[in-house]
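Following: one structure in structure tokens, then a few remarks.
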Amino acid sequence: MMLEPRIGLPLAPREVDALLARTAVVLDWVGTLAFALSGGMLGVRKGFDLFGVLFLSFVVSVAGGMMRDVLIGATPPAAMREIHYFAISMSAGVITFYWAQQIALWQRPILLVDAIGLALFAVVGAQKAVVYGIHPAMAALMGMLTGIGGGMVRDVLARDTPFVLRSDLYAVAALAGGVVVAIGHAIHGPPTLYTLLGAAVCLFLRLMAIYRGWRAPLPRATRDQTP
Amino acid sequence: MMLEPRIGLPLAPREVDALLARTAVVLDWVGTLAFALSGGMLGVRKGFDLFGVLFLSFVVSVAGGMMRDVLIGATPPAAMREIHYFAISMSAGVITFYWAQQIALWQRPILLVDAIGLALFAVVGAQKAVVYGIHPAMAALMGMLTGIGGGMVRDVLARDTPFVLRSDLYAVAALAGGVVVAIGHAIHGPPTLYTLLGAAVCLFLRLMAIYRGWRAPLPRATRDQTP
Amino acid sequence: MMLEPRIGLPLAPREVDALLARTAVVLDWVGTLAFALSGGMLGVRKGFDLFGVLFLSFVVSVAGGMMRDVLIGATPPAAMREIHYFAISMSAGVITFYWAQQIALWQRPILLVDAIGLALFAVVGAQKAVVYGIHPAMAALMGMLTGIGGGMVRDVLARDTPFVLRSDLYAVAALAGGVVVAIGHAIHGPPTLYTLLGAAVCLFLRLMAIYRGWRAPLPRATRDQTP
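Residue numbers (the UniProt record's numbering), protein chains in the order written: chain P, 1 to 227; chain E, 1 to 227; chain F, 1 to 227.
Structural data, given as structure tokens:
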């Protein structure tokens with residue numbers, strides 16, 4: 001309710017919307033940067049060469065959105081038509097490559113920036129899917145895919161078990177953000193409100209996983225075997 | 001020949017077609033359910049959490065059809081526009097998660113249901129491809145992809161060697177079903193006939209692999225090395 | 001400059017273009033054949049059955065172009081509409097399967113043919129992307145994807161670390177070829193010239209990697225750890 005732009009804010013609605021749109025673009029860039037850094041770090045750790053590091057930076061920051069756009073029929077994907085995703089991820093890749101050891105000291109801040117990126121990608125992805133007429137339940141999944149797709153491809157290429165499948169409410173948080181957006185759209189809520197709310201829910205779950213160790217339930221069979 | 005609907009059946013052709021269409025929908029659901037159970041079972045065995053199990057259930061049941069639809073240009077894919085694939089796979093995922101140990105006792109029935117799912121997905125996939133104007137040879141491959149795509153993605157995500165590449169006439173059976181449909185379409189045969197025939201051929205090959213150990217030939221180099 | 005078709009050649013421009021177009025088709029087939037052989041060889045080495053070997057042959061020769069076509073919106077992909085990719089890769093797969101040991105003796109020639117295939121796929125891929133209105137920087141990446149996509153999918157399916165990520169200027173060479181085409185298109189150069197120049201650059205880099213051991217730089221952290 002406090003986020004509703006039409007009540008109690010010192011700015012006119014149109015100004016608020018413009019401000020939020022600009023904020024969303026900036027956050028989109030921050031998210032792209034965070035994901036690119038996370039991809040680059042993995043490349044360095046695996047001993048890939050400069051090219052491999054740049055490649056992973058790019059893939060992690062755009063693969064989720066690309067898969068979403070292909071699946072909802074929005075081709076060519078946004079990352080193919082706009083150049084800023086490419087520019088940001090290349091910069092992040094070069095930075096990771098040459099300052100890998102310093103960046104490794106910033107694990108915690110990167111985790112936070114990554115959580116913000118996840119939250120934003122999840123709500124932006126779900127919003128784009130509903131705009132393209134996708135069923136709300138699938139739109140929520142598309143939000144999740146936008147958030148986790150890059151990390152999934154990264155893990156498959158680097159031969160890790162996709163970490164979105166095992167841990168830390170990562171995909172669950174992204175899905176929760178997408179669900180809020182899908183419901184908000186279905187009940188004709190104000191986009192600004194449900195988008196911010198979805199991002200907040202996703203961010204909250206992810207931070208609880210990082211700081212409080214929240215987890216999704218494990219299957220009983222597994223619990224029995226691993227005491 | 002016995003399957004030809006226009007001769008020797010007590011129903012009028014239109015009634016037969018309507019009956020078969022309804023049967024196909026039911027079998028499509030059965031196939032989706034079987035594939036979702038197979039995905040969920042793997043997730044439980046690998047120790048994934050509730051979310052990971054649901055995720056694998058969904059991916060295994062829809063990935064093949066999604067890849068086909070993207071490749072033949074039928075976007076957004078059917079699984080994005082209809083909700084029943086999602087509903088069935090989520091139900092199967094929850095069931096697998098909470099009753100994993102009981103389901104493990106039903107290995108053989110699941111294998112049979114999975115074979116039925118494979119047969120149906122293969123012929124439905126090939127049929128959809130020819131309807132979209134794809135070359136018959138590629139339509140047969142699209143039938144195969146519809147049948148095996150989910151299992152391939154499952155194995156890549158769970159870091160197994162894709163089992164469709166090594167064993168049990170799995171992909172070969174799906175391909176055979178697709179080939180029958182592609183040929184049937186090319187010679188302007190009655191769709192009901194060649195679809196059922198394709199499914200029967202696929203099912204037969206798969207059952208022979210399960211019960212009689214039929215295999216595709218191995219390369220000579222491998223046979224020499226592993227006596 | 002020597003490649004510029006309009007000056008100093010004994011043939012009229014149109015004849016040169018027609019000759020080059022025919023040459024490009026032949027080289028495209030050679031590239032498809034080389035990639036199919038490389039996929040089939042891996043299948044034999046991993047002990048896959050006949051079907052698995054054919055499957056890898058096909059995937060390696062078409063996956064890169066299919067991913068490019070889906071991303072630039074050229075669906076259905078060329079390999080779905082034309083049958084010759086399928087025919088060539090199946091032939092290569094059968095040959096690999098039955099003559100695997102003889103082919104293993106030809107490692108060096110196959111590496112050369114593969115380099116030619118890479119060069120051609122890179123420039124053809126980038127060219128197709130610019131024709132579809134993709135931003136030049138992304139078109140260069142699409143050239144790279146066309147060249148390396150098949151190998152990436154092959155390595156993921158066979159559970160190797162994608163070798164394009166670690167070695168031998170493979171992806172870098174493809175990218176360089178794509179960059180030449182993208183720049184050539186951006187400055188409105190003659191297509192014949194920049195296409196041939198791009199292929200030459202890619203081929204040169206790849207041959208230097210094979211014969212002189214040229215490499216992309218490794219990250220400092222890795223260099224410190226592995227002396």
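Quick reminder that beta carbons are idealized off the backbone N, C-alpha and C, glycines included.
- For Gly184 of chain P, the secondary structure class from DSSP, reduced to helix, strand or coil, is helix.
- It is roughly 5 angstroms from the alpha-carbon of Phe121 of chain P to the alpha-carbon of Gly147 of chain P.
- Between Leu175 of chain P and Ala115 of chain P, the CB-CB gap reaches or exceeds 8 angstroms.
- Around the Cβ of Val26 of chain F, a 10 Å sphere holds fewer than 16 other Cβ atoms; the residue is exposed.
- Distances from the CA of Val131 of chain E to each of E:Leu196, E:Arg215, E:Tyr211, E:His185 were compared; the closest alpha carbon is that of E:His185.
- For Gly143 of chain P against Gly178 of chain P, the beta-carbon gap comes to about 3 angstroms, under 8 angstroms, which counts as contact.
- When the Cα atoms are used, Trp99 of chain E and Ala63 of chain E turn out to be separated by approximately 24 angstroms.
- Closer than 8 angstroms to the CB of Arg215 of chain P there is at least one CB belonging to chain E.
- If you draw a 10 Å sphere on the C-beta of Pro136 of chain E, you find 16 or more other C-beta atoms in it, and that means buried.
- Within the same chain, Cβ atoms closer than 6 angstroms to the Cβ of Ala139 of chain F are found at Ala126, Ala129, Val130, Ala182, the five residues on either side in sequence being excluded.
- Fully enclosed alpha helix (DSSP H) runs of no fewer than 4 residues occupy 100-104, 107-131 of the region 86-148 of chain P, in order along the chain.
- Taking 7 angstroms as the cut-off between beta carbons, the residues of the UniProt domain "Glycine transporter" (26-100) of chain P near chain E are Val70, Leu71, Ile72, Gly73, in sequence order.
- Apart from the 5 residues on each side of it in sequence, Leu50 of chain P sits with its Cβ closer than 6 angstroms to the Cβ of Phe97 in its chain, given in chain order.
- Separation of the CB atoms of Leu118 of chain F and Ala173 of chain F is rounded to 7 angstroms, and the pair is thereby assigned contact status at 8 angstroms.
- Chain P places no beta carbon closer than 8 angstroms to that of Ala122 of chain F, leaving this residue out of the contacts.
- In terms of CA proximity to Pro217 of chain F, F:Leu169 leads the group F:Leu169, F:Cys202, F:Tyr211.
- Using a CB distance cut-off of 8 angstroms, Met138 of chain E counts as an interface residue toward chain F.
- Contact check for Leu71 of chain P against Pro76 of chain E passes: the beta carbons are separated by less than 8 angstroms.
- Among the CB atoms of chain F, none fall inside 8 angstroms of the CB of Leu203 of chain P.
- The shortest CA-to-CA distance from Gln102 of chain P to any of P:Met41, P:Ala158, P:Gly213 is the one to P:Met41.
- Collapsing the DSSP output to three states places Phe48 of chain P in coil.
- Close to Leu197 of chain P, with beta-carbon spacing below 9 angstroms, lies no residue of chain F; the smallest spacing is near 33 angstroms.
- Using a 10 angstroms sphere on the CB of Ala18 of chain E, the tally of other CB atoms stays under 16, which defines it as exposed.
- If you look at Arg215 of chain F, you'll find it isn't in any alpha helix (DSSP H); DSSP assigns it neither H nor E.
- Residue contact with chain E for Ala104 of chain P: absent (no Cβ-Cβ distance below 8 angstroms to any residue of chain E).
- Taking all protein chains in view, the Cβ of Tyr85 of chain E is crowded by 16 or more other Cβ atoms within 10 Å, so the residue is classified as buried.
- For Ala78 of chain P, the enclosing alpha helix (DSSP H) has its first and last residue at 78-81.
- Under the 8 angstroms criterion on CB atoms, Ala182 of chain F is classed as non-interfacial with respect to chain P.
- Residues of the region 149-163 of chain E that bring their beta carbon within less than 9 angstroms of a beta carbon in chain P comprise Val156, Leu157, Ala158, Arg159, in sequence order.
- Using a Cβ-Cβ cut-off of 9 angstroms, Ile116 of chain F is close to nothing in chain P; its nearest Cβ partner there is about 21 angstroms away.
- Interface criterion not met: the Cβ of Ala176 of chain P is under 8 angstroms from no Cβ in chain E.
- Within the same chain, Ile110, Val113, Asp114, Ile116, Gly117 come within 8 angstroms of Ala34 of chain E by CB-CB distance, once the 5 residues on both sides are set aside.
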